[in-house]
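Written out below as structure tokens is the structure these notes cover.
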Amino acid sequence: MSSEPITKPQPATSRYQIVSSMTVDELLSEGYANYDDFYDPSEEEWKIELAQIEQMIPDNPVDYSEGIPF
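See below:
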């Protein structure tokens, strides 16, 4: 017989498996991610477009006299 102790194989959990089950707040607090990882440039473009639309609204008032009442 062998003199080596019998050891049970340890489950192999990858970093991806751990990180994929974490929330954004957990990822940030544990140091797996930083705020730049969640930055989406299209959101910034949408904010600029929304500001432009909001500026156009007062310039073009809606004429409700032409509307059809329900």
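Residues are numbered in the working numbering as their position in the sequence shown, beginning at 1, plus a constant of 92. We put the beta carbon where it would ideally sit given N, CA and C, even for glycine.
- Secondary structure at D128: helix, using DSSP grouped into helix, strand and coil.
- Check the Cα spacing between D128 and each of E146, W138, V116: the tightest is with V116.
- Approximately 7 angstroms separates the beta-carbon atoms of L119 and V111; this is inside 8 angstroms, confirming the contact.
- Residues L120 of the same chain have their beta carbon placed closer than 8 angstroms to that of N126, with the five preceding and five following residues left out of the count.
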